[in-house]
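One structure below.
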Amino acid sequence: MSPTHRLAAGAAAGALALLSACATQPAVPSAAPPGIQGADTRAPIESGRDYHTFSNVDEFRVRHLALDLRVDFDAQRLIGRADLAIERVAGDRRTLVLDTRGLDVRGVEWLAAGTGRALSYSVGAGQGPLGAPLSISLPPDPDRNFVLRIAYSTRPEASGLQWIAPAGTAGRQQPFLYSQSQSIHARSWVPLQDSPQVRMTFDATIRVPPGLRALMGAEHDPAPSADGVYRFHMPQPIPSYLLAIAAGRIDFRAVGPRTGVYAEPEVIESAAREFADTEKMLEAGAQLFGPYRWGRYDLLVLPPSFPFGGMENPRLSFITPTLLAGDRSLVGVVAHELAHSWSGNLVTNATWRDFWLNEGFTVYLEHRIMEAVYGPRRASMEALLGYQSLEKEVASLPAADQVLAIDLRGRDPDDGMSDIPYEKGRFFLNWLESRVGAPALHDFLRDYFAHFSFQSISVEQFLAYLDARLLAQHPGAVPPAALQEWIFEPGLPATAIRPQSDVLAKVDAERAAFLAGNRAASALPYAAWSTQERLYFLNNLPQPMPRAQLDALDAALRLTDEANSEVAFSWLSIAIRNDYAPAWPRLERYLVSIGRRKLIVPLYEDLMKTPAGAARARAIYAQARPGYHPIATATLDKTVLEGKTP
Ligand code: BES
Ligand code: ZN
């Protein structure tokens, strides 16, 4: 089945009726030009069409990439070449269009029989996050399969790379480099078809200064190389947003037969302890969802400026050091990135409209893995925290952004990251589970991952498969109107199932007693609570609170000194909203030392709500900004410098 079929997917009634037609329709080349030029945002959105690429993916497909790059820390550039093995899949056009963003292209050659022949090319006008099309003129009558060599370098401001000075690392001795390609930043460091519906295998030779290590999400020798030359081989085809590179002072420790941790020497021991359960998680995932198809599963702990909790780069998830809590309380993020080995990396969203197929499924899988490894008590606490977060998000997002099948035409696909694809997506699957039973849903998911493995699919393809392979076996169990509402309409459907947690019900009782003045802060069983209970206690405190209660909590629970990054975040949000001055020095240290977007953006947003807070936000941001990733500053420049509320 081709992921590039065309279907006018009505966002409302009627879409489901079209689904079976959609699943069997052959690929029809589009008459409209590729990229956003053809995007009339008032026209019905076309299922499976990627509006965030310039490349003519219906005519050509990159099948294999061979990189040879030198990492130049002084110039903050990757310099070298990309060889693309390309197949013509339709038509006879003589122009191949690739995605680039701020690349300095030095030349394009046609490689045949070991010799190169220069081709003419041009780079079009830049279009913000989409970058610019690189149009290459092919020779007349080219072969169906051919290889192009593109000599290029990246620029220091490449949106998908962060060049970190030694001061931004744990060791403070050597610089560090890492990539973040999702959603459409791969084009800022490799010229390619930057669309999640194109998959390629790759090989790479990466040259780093002696003493440093290069890493990619691919097969490689974990031993350090003496000459600074590292080689990688990726036999499984991956979409471009999963292409990943890192370089720095990095050690390795195995934590299991197929699992290990890469990190700076200063944090490698604590990382190996924190993530010691990774092998168990991998086994649980394979048990539940089918064989693990990627060989090894390692983690790379990045410097604190990494803007995400984790990124599911195949074989090598990138992870924030803010998970290093000392008690494995935040390893749900590892379960999440690992779960992407099935949902996302094996079965991939065809376009960014279908992003919830990656993330909603992954949150569901993450929950199942956490349940298997740590038990239902912890998993249901995490589910309730997720549900509450979703409720808040639904209250604040515009209706159009509350839809699972979101229309991101004309926008940066990174804007689609909210609790909607993650938590609403997960609660959709929980609802399905309640309708057909957990065993049936799990069997369905295993079949789904096997059936669509190494393919990219649209929401309509998912729905057609769901219809044929699950709903048909359970007639009447899943009302079509309810299904329709979950996927194509805003809000949290009334059929959503609120997770129950007896443990957290006890926390509610303790909180109520404290607020009523019947329990001293020092008498709260806080010390015995898990991180999830603490978060639930803090997240649900009323707003505003009397200063005396804040003082009492801070004194008894030592909240301002809290080292757990999530608990500290929750407390600092409370401090800002209550203008609680004793927390200001800690707030400043927190914001200057952490770059994880989820933990810093809401704090800046809350600060911006009052004039005094805004002044504090600007002062802290001036200090912190040089250490943040371009993805974080893109958001924060708008919030703090331009004073825009989201
Ligand atoms: N794939 C995402 C990160 C991402 C999404 C990067 C969209 C760029 C664009 C990753 O798997 C993720 O979801 N990370 C979460 C962790 C989580 C929900 C446990 C994060 O970083 O907070
Ligand atoms: Zn994810």
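The sequence shown begins at 6 in this note's numbering and counts up by one. Quick reminder that beta carbons are idealized off the backbone N, C-alpha and C, glycines included.
How is the beta strand (DSSP E) around residue i delimited, first residue to last?
{"i": "ILE141", "result": "137-142"}
{"i": "GLN357", "result": "Correcting the residue type first, residue 357 is Trp in the shown sequence and not Gln. No beta strand (DSSP E) holds TRP357; DSSP gives it neither H nor E."}
{"i": "GLU114", "result": "109-117"}
{"i": "PRO244", "result": "234-244"}
{"i": "TYR157", "result": "150-158"}
{"i": "ARG212", "result": "204-212"}
{"i": "LEU322", "result": "What sits at residue 322 in the sequence shown is Ser, not Leu. Note, SER322: beta strand (DSSP E), 321-324."}
{"i": "GLY121", "result": "120-124"}
{"i": "LEU220", "result": "218-221"}
{"i": "GLY253", "result": "250-253"}
Mind checking residue i: buried by the 16 CB within 10 Å criterion, or exposed?
{"i": "VAL378", "result": "buried"}
{"i": "PRO418", "result": "buried"}
{"i": "SER527", "result": "exposed"}
{"i": "ASN523", "result": "exposed"}
{"i": "PRO308", "result": "buried"}
{"i": "ASN150", "result": "exposed"}
{"i": "SER385", "result": "buried"}
{"i": "ALA26", "result": "For ALA26, the predicted model reports a pLDDT of 30, less than 50, meaning its position is unreliable and no value from the coordinates is stated."}
{"i": "SER186", "result": "buried"}
{"i": "LYS429", "result": "buried"}
{"i": "HIS341", "result": "buried"}
{"i": "ASP332", "result": "exposed"}
{"i": "THR325", "result": "buried"}
{"i": "PRO31", "result": "With a pLDDT of only 31 at PRO31, under the threshold of 50, the placement of this residue in the model should not be trusted; the figure read from the coordinates follows. When all chains shown are included, PRO31 counts as exposed."}
{"i": "ARG601", "result": "buried"}
{"i": "GLY349", "result": "buried"}
{"i": "LEU365", "result": "Contrary to the premise, residue 365 reads as Gly rather than Leu in this sequence. GLY365 comes out buried."}
{"i": "GLU723", "result": "As displayed, the chain neither begins before 6 nor continues past 651, which places residue 723 out of reach and without an answer."}
{"i": "GLY165", "result": "buried"}
{"i": "ASP55", "result": "buried"}
{"i": "THR565", "result": "buried"}
{"i": "SER346", "result": "buried"}
{"i": "ILE502", "result": "exposed"}
{"i": "GLN42", "result": "Per-residue confidence for GLN42 stands at a pLDDT of 42, beneath the threshold of 50, marking its modelled position as unreliable; the derived number appears in the next sentence. Classification of GLN42: exposed, given that the 10 Å Cβ count is below 16."}
{"i": "HIS634", "result": "buried"}
{"i": "THR353", "result": "buried"}
{"i": "ARG653", "result": "Here the chain covers residues 6 to 651 and nothing more, so residue 653 does not appear."}
Which one or two residues does DSSP pair with residue i in a beta bridge?
{"i": "PHE652", "result": "Since the first and last residues shown for the chain are 6 and 651, residue 652 lies out of range."}
{"i": "ILE502", "result": "DSSP, once it has assigned bridges, lists no residue as partnering ILE502."}
{"i": "ILE462", "result": "ASN354"}
{"i": "ASP303", "result": "GLY265 and LEU321"}
{"i": "ARG258", "result": "VAL266"}
{"i": "VAL512", "result": "Note: VAL512 sits in no beta bridge, so no partner."}
{"i": "THR105", "result": "ALA137"}
{"i": "GLU224", "result": "HIS238"}
{"i": "THR100", "result": "SER142"}
{"i": "MET316", "result": "PHE323"}
{"i": "LEU729", "result": "Residue 729 is absent from the structure shown; the chain starts at 6 and stops at 651."}
{"i": "VAL128", "result": "LEU139"}
The alpha helix (DSSP H) that contains residue i, what's its start and end?
{"i": "ASP448", "result": "443-456"}
{"i": "LEU395", "result": "381-401"}
{"i": "PHE280", "result": "From DSSP, PHE280 is part of no alpha helix (DSSP H); its letter is neither H nor E."}
{"i": "HIS479", "result": "First-last for HIS479: undefined, no H or E at that position."}
{"i": "GLU610", "result": "602-612"}
{"i": "TYR626", "result": "616-629"}
{"i": "TRP347", "result": "First-last for TRP347: undefined, no H or E at that position."}
{"i": "GLN489", "result": "485-493"}
{"i": "PRO635", "result": "635-641"}
{"i": "PHE311", "result": "Segment: none, PHE311 is in no alpha helix (DSSP H) and carries neither H nor E."}
{"i": "SER418", "result": "The sequence shown places Pro at residue 418, not Ser. Counting along the chain, PRO418 falls outside any alpha helix (DSSP H), and DSSP gives it neither H nor E."}
{"i": "ARG591", "result": "589-598"}
{"i": "LEU577", "result": "570-582"}
Review point. Which parts of the segment 56-95 are runs of the beta strand (DSSP E), unbroken and 3 residues or longer, counting only runs that do not cross its ends?
Key: 65-77 and 82-93
Review point. Which runs of the beta strand (DSSP E), 3 residues or longer, sit entirely within the segment 542-567?
Key: none
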